[in-house]
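Numbering (this note's numbering), first residue to last: 204 to 316.
Just so you know, even glycine gets a beta-carbon here, dropped at the ideal spot from N, CA and C.
Owing to the predicted nature of the structure, the values given are computational and were not obtained by experimental measurement.
Notes for the one structure printed next.
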């Protein structure tokens, strides 16, 4: 969760990751990161939301593993329209058909605009 300090209009986010720094050549790390399927960004006015799967939450957008988009050094999620809120949540989902649903992603920096 990112606390913006006050309600603001959010148009999107840019996430700088640890991907592409050579660690993806390590078998154990590669297995964990390839278990990641999707990142979804939500913008809310309430803190401490427990269940982001509810349809009542305001979704900004998501990015998937399609074309290796999740595995870039910089991940960009743009909202279809500006959303007003104070808290930005990033939800990660694992690949549904893997025998274990363990995944890993290092978020170095989250920039909200």
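Distance, residue j Cα to residue i Cα
i, j, result
"residue 253", "residue 204", "11 Å"
"residue 309", "residue 244", "16 Å"
"residue 241", "residue 264", "11 Å"
"residue 299", "residue 306", "11 Å"
"residue 293", "residue 211", "17 Å"
For residue i, the residue or residues it bridges with in DSSP
i, result
"residue 314", "217"
"residue 296", "241"
"residue 281", "215"
"residue 309", "Beta-bridge pairing links residue 309 to no other residue."
DSSP state of residue i mapped onto helix, strand, coil
i, result
"residue 250", "coil"
"residue 207", "strand"
Range of the contiguous beta strand (DSSP E) that encloses residue i
i, result
"residue 267", "262-267"
Close Cβ partners of residue i (< 6 Å) along its chain, the five nearest in sequence each way excluded
i, result
"residue 267", "241"
Own chain partners of residue i with C-beta closer than 8 Å, once the 5 adjacent residues on each side are dropped
i, result
"residue 272", "266, 278"
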